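Reviewing the structure listed below.
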Amino acid sequence: QVQLVESGGGLVQAVGSLRLSCVASGDTFRITTMAWYRQPPGKRLDLLADISDSGRANYADSVKGRGTISRDGAKNTVYLEMNSLQPEDTAVYYCTADLSPFRSKVWGQGTQVTVSS
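Position 70 (the sequence shown) corresponds to 92 in this note's numbering; numbering is contiguous.
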């Protein structure tokens, strides 16, 4: 089993920045791709960015150019840094991990980010 715990959320001023962290524990050797999703109030869950175990990253248009996903294998941690935050970035942010061998997906509990104008 793998457990994910996010941190770093909270209240942020508009045009500010944030850095979210997600620490994995358990059978971390099974983790392949890790990702960040978010769900704004009353809206659908959206993929923001993912990063493979080799470090290859992909970004959704909503964060391209102002977001960076990274991972530290030694710490079993994935990060999401975002700048130029706007109120529409207010959401619950979730970390996920895909596990080998069957690509099952594990979710963290989520961390709330609120951007005030």
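For glycine and all other residues, C-beta sits at the position ideal for the given N, C-alpha and C. Note that the structure is predicted; figures quoted are calculated from it, not measured.
The beta carbon of V85 sits closer than 7 Å to the beta carbons of L70, A71, M104 from its chain, once the five residues preceding and following it are set aside; these are given in chain order.
By DSSP's assignment, V85 forms no beta bridge with any residue. Between V24 and V128, the C-beta spacing is below 8 Å.
Only exposed fits R125, as fewer than 16 other CB atoms lie within 10 angstroms of its CB. Annotated as proximal: L102 and I91, with beta-carbon spacing under 8 Å.
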